[in-house]
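Note sheet for the following structure.
Residue numbers (the working numbering): 30 to 200.
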């Protein structure tokens with residue numbers, strides 16, 4: 030990763046190291062089912078806008094791209110009620126460093142981190158995998174200096190740094 034990247038965050042006053050009191054994490058609520066559906070549908074809408082703008086430049090290519098985007102949108106975006114209710118809305122820490130994900134239908138699923146999480150002070154995107162290989166993406170928009178998001182951000186950075194250190198020694 031480029032060390033001069035503007036997305037690489039510098040340690041600020043709310044990014045201090047976790048203390049012993051920070052080990053118990055409160056549930057991280059990322060909004061309602063409707064908010065999660067809107068955040069998950071945003072990529073579909075942006076892809077449709079790009080296809081429409083491509084159609085203005087080259088009509089045939091734009092139409093083909095728009096058709097592909099429509100098929101992709103119908104397949105992946107959470108339009109049905111069942112898919113909306115299966116969206117994650119909260120992340121909780123479980124026993125022995127396990128994570129529990131609460132879905133919109135009230136079900137709780139045990140999950141683990143799949144990839145490096147995007148941990149911005151105002152936006153978080155976590156890619157998680159369930160025990161039955163289901164993939165979940167939790168997207169959250171948080172107010173400035175949200176204490177719960179700060180604790181989770183510090184915890185996830187620490188967990189991922191430990192995971193990278195173990196893989197670095199093994200390789």
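Each residue gets a CB set at the ideal place from its N, CA and C atoms; glycine is no exception.
Tell me the DSSP secondary structure of residue i in three-state form.
| i | result |
| --- | --- |
| residue 127 | coil |
| residue 180 | helix |
| residue 57 | strand |
| residue 115 | coil |
| residue 109 | coil |
| residue 188 | helix |
Of all Cβ atoms in chain B, is any one closer than 9 Å to the Cβ of residue i?
| i | result |
| --- | --- |
| residue 118 | Within the model displayed, chain B is absent; a lone protein chain is all it includes. |
Are the beta-carbon atoms belonging to residue i and residue j less than 9 Å from one another?
| i | j | result |
| --- | --- | --- |
| residue 129 | residue 118 | no |
| residue 178 | residue 153 | yes |
| residue 62 | residue 116 | yes |
| residue 142 | residue 181 | no |
| residue 185 | residue 155 | yes |
| residue 160 | residue 140 | yes |
Just checking residue i against the ligand PLP - is the residue's beta carbon closer than 8 Å to any of the ligand's heavy atoms?
| i | result |
| --- | --- |
| residue 139 | By its list of ligands, the structure shown contains no ligand whatsoever, and the ligand PLP lies outside what it can speak to. |
If I'm right that residue i touches residue j with Cβ under 8 Å, what's the distance once you round it to whole angstroms?
| i | j | result |
| --- | --- | --- |
| residue 114 | residue 134 | 4 Å |
Practice task
At 3 residues or longer, and completely inside the stretch 135 to 173: list those beta strand (DSSP E) runs for me, N to C.
Solution key: 137 to 142, 152 to 159 and 164 to 170
Exercise for the section: Check whether the stretch 157 to 168 touches the stretch 80 to 96, counting contact only when three or more Cβ pairs, one atom from each stretch, lie closer than 8 Å. Expected result: no
Problem - Whole runs of the beta strand (DSSP E) within the stretch 66 to 106, excluding any shorter than 3 residues - result: none
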